[in-house]
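A.B. asks: Take a look at this one; I'll ask things after.
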Amino acid sequence: MSTQGTYGTHGTHGTQAAQGSNDGLNGTSPGRRALLGAAVLGAGAAVLGLPGTARADEKKHGSGDYSGDYKSLPKPTIIGHRGASGYRPEHTLGSYQLALDLGAHIIEAGDLVPTRDGHLVCRHEPEIGGTTDVAAHPEFADRRTTKLLDGVSTTGWFTEDFTLAELKTLRAKERVPANRPHNTLYDGRWEIPTFEEVLRWRAEQSRKRGKQVWIYPELKHPTYFRKLGLGLEERVARVLRKHGLDKKNSPVILQSFEPTSIQRMNKLVGNPLAVLLSAANTRPWDFVETGDPRTTADLVKPAGLRWIASYAQGIGPTLDLIIPKDTAGNLTTPTTLVRDAHAEGLILHPYTMRNENPFLPTNFRKGTDADAYGDAFGAFATYFATGIDGVFTDNPDTGLLAREDFLRKS
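As structure tokens, then:
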């Protein structure tokens with residue numbers, strides 16, 4: 000999801016990517032805090048002081064087993080964005096496992112894209128040159144190509160040009176090494192997981208922990224893939240049904256930047272659904288393809304939110320739709336989106352909080368190093384104060400500590 004380019008948040012969507020303070024991430028100077036060191040070593044929640052959060056949740060929600068519907072999740076909900084991607088290469092079982100071990104309430108386990116032979120795999124984008132070692136495989140050199148992806152000319156290697164067996168010969172790597180040089184330690188350790196493997200991992204972890212593990216998969220570029228004969232919605236629904244996870248109270252929330260994809264999922268499964276929303280001046284790509292003139296700015300108005308609420312339970316707006324930034328990248332006054340969405344019965348899970356300076360609002364940065372941490376706790380507190388129901392974060396441990404601070408002061 001991205002409103003500030005592919006580094007900014009979830010991914011780049013819409014007809015125009017808004018330019019913001021998350022661009023220009025080319026610094027390489029080290030500047031990590033001690034917290035990262037603990038997480039990189041795989042420290043559990045107890046090491047990071049998270050038992051207080053767990054106890055608070057258990058006091059509020061009973062055993063801490065969020066086995067009801069999505070409304071049983073603690074608020075604000077901490078969602079591990081692509082796992083714990085602040086500390087491990089994103090969308091790997093290693094990243095998902097660490098996010099769970101750190102205490103994330105939900106794991107965004109799966110940006111779902113298809114292979115040539117129709118399997119669903121977990122990658123941030125279908126283009127995998129930046130997240131795998133495919134460029135180092137001479138046998139796949141001729142697969143490098145240029146495609147038009149949602150109106151944007153994109154060059155690289157694409158999952159739909161590989162069979163699953165071929166993709167399994169690749170290994171994942173850190174997507175933003177300039178900002179996260181420590182994560183490159185783990186390059187090559189994990190393969191690309193399939194959605195089926197993620198669901199089996201979820202079931203195993205649920206059994207081990209004695210409670211349901213929640214996941215939050217995203218359907219990526221559904222219009223693009225449908226035109227290629229690789230429709231995502233039916234494939235996702237089929238896999239969920241196979242694993243008995245297609246019900247109203249199943250611990251799987253589905254999301255997409257394309258509202259018509261979520262409408263299609265609403266007819267196929269009973270799962271809770273969320274529409275992702277990029278910058279106000281963009282249009283969802285399915286709207287572009289079908290000639291729907293509405294922009295994101297239209298969708299966040301009461302009438303647009305009422306329309307979304309007719310087939311979905313939540314929205315995933317970029318944080319800039321919650322609190323806009325000025326031209327210098329500083330936070331300004333919150334919008335009425337939280338209030339308006341809640342009035343329509345929608346939950347809000349905005350994206351994405353990260354610890355490093357380039358990803359934070361200007362007034363929460365410290366120093367200039369691209370991989371140095373800024374005042375992430377201050378930024379979390381500011382967003383929590385708007386009444387959001389949760390947040391996607393690359394750093395679930397930071398998010399949980401910030402949440403504990405917020406609840407204690409509330």
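In terms of numbering that gives the first Met the number 0, the sequence shown opens at residue 0 and continues consecutively. Each residue gets a CB set at the ideal place from its N, CA and C atoms; glycine is no exception.
I need the straight-line Cα distance from T193 to A108, nearest angstrom please.
C.D. replies: Their Cα atoms are separated by approximately 10 Å.
A.B. asks: Within a Cβ cutoff of 6 Å, which residues of the same chain sit near R305, ignoring the five residues on either side of it in sequence?
C.D. replies: So the list reads E343, once near-sequence residues are dropped.
A.B. asks: So does the region 217-237 actually touch the region 198-209, counting three or more Cβ pairs closer than 8 Å?
C.D. replies: Contact between the region 217-237 and the region 198-209 is absent, because fewer than three Cβ pairs lie under 8 Å.
A.B. asks: Taking the CB atoms as reference points, tell me whether N329 and T361 lie closer together than 7 Å.
C.D. replies: Yes, Cβ-Cβ distance for N329 and T361 is below 7 Å.
A.B. asks: Would you give the residue range spanned by the beta strand (DSSP E) that F491 belongs to?
C.D. replies: Nothing can be reported for residue 491: it is not among the residues displayed for the chain, which extend from 0 to 409.
A.B. asks: Extract the residue ranges of the beta strand (DSSP E) inside the region 294-373, only unbroken runs of 3 or more that lie entirely within it.
C.D. replies: Fully enclosed beta strand (DSSP E) runs of 3 or longer: 313-316.
A.B. asks: Between the region 73-83 and the region 386-399, are three or more C-beta pairs nearer than 8 Å?
C.D. replies: Yes: the two stretches touch, three or more of their Cβ pairs being nearer than 8 Å.
A.B. asks: With distances taken Cα to Cα, identify the nearest neighbour of P395 among T385, D374, D404, A103.
C.D. replies: The candidate whose alpha carbon is nearest that of P395 is A103.
A.B. asks: Taking S152 as part of the beta strand (DSSP E), name the residues at either end of that continuous run.
C.D. replies: Here the beta strand (DSSP E) through S152 covers 151-155.
A.B. asks: Look at the Cβ atom of T259, then the Cβ atom of D285, and state whether they are nearer than 7 Å.
C.D. replies: Result yes, Cβ atoms of T259 and D285 sit closer than 7 Å.
A.B. asks: Within the continuous beta strand (DSSP E) that includes D110, where are the two ends?
C.D. replies: Residues 110-113.
A.B. asks: Run the CB neighbour count on K207, radius 10 Å, all protein chains shown included, and call it buried at 16 or more, exposed below.
C.D. replies: Answer is exposed; the Cβ neighbour count stays below 16.
A.B. asks: Flag this pair as yes or no: are the beta carbons of R251 and I307 separated by less than 7 Å?
C.D. replies: Strictly speaking, residue 251 in this sequence is Val, with Arg absent from that position. In this structure, I307 does not lie closer than 7 Å to V251 by Cβ.
A.B. asks: Quick one: residues in its chain with C-beta nearer than 6 Å to the C-beta of T153, no 5 flanking neighbours on either side, listed in chain order?
C.D. replies: The answer, listed in chain order, is E126, K146.
A.B. asks: Looking at the unbroken beta strand (DSSP E) that takes in A273, where does it start and where does it end?
C.D. replies: Taken as a continuous stretch (DSSP letters only), the beta strand (DSSP E) holding A273 covers 272-276.
A.B. asks: Roughly how many whole angstroms lie between the Cα atoms of P271 and V212?
C.D. replies: Distance between the alpha carbons of P271 and V212: 15 Å.
A.B. asks: Give, in chain order, every unbroken run of the alpha helix (DSSP H) that is at least 4 residues long and sits entirely within the region 82-124.
C.D. replies: You should have 92-101.
A.B. asks: Look at the Cβ atom of R225, then the Cβ atom of E89, and state whether they are nearer than 7 Å.
C.D. replies: Their beta carbons are not under 7 Å apart, which means R225 does not touch E89 by this criterion.
A.B. asks: Per DSSP, what kind of secondary structure is S205 in: helix, strand or coil?
C.D. replies: It is helical.
A.B. asks: Buried or exposed, going by whether 16 or more other CB atoms sit within 10 Å of the CB of P301?
C.D. replies: Label assigned to P301: exposed.
A.B. asks: For A279, I'd like the list of residues in its chain whose CB is within less than 6 Å of its CB, leaving aside the five on either flank, ordered along the chain.
C.D. replies: Closer than 6 Å at Cβ, skipping near neighbours: T295, A296.
A.B. asks: What are the complete alpha helix (DSSP H) segments, minimum 4 residues, inside the region 168-223?
C.D. replies: If we require 4 residues or more, the alpha helix (DSSP H) runs fully inside the region 168-223 come out as 194-208.
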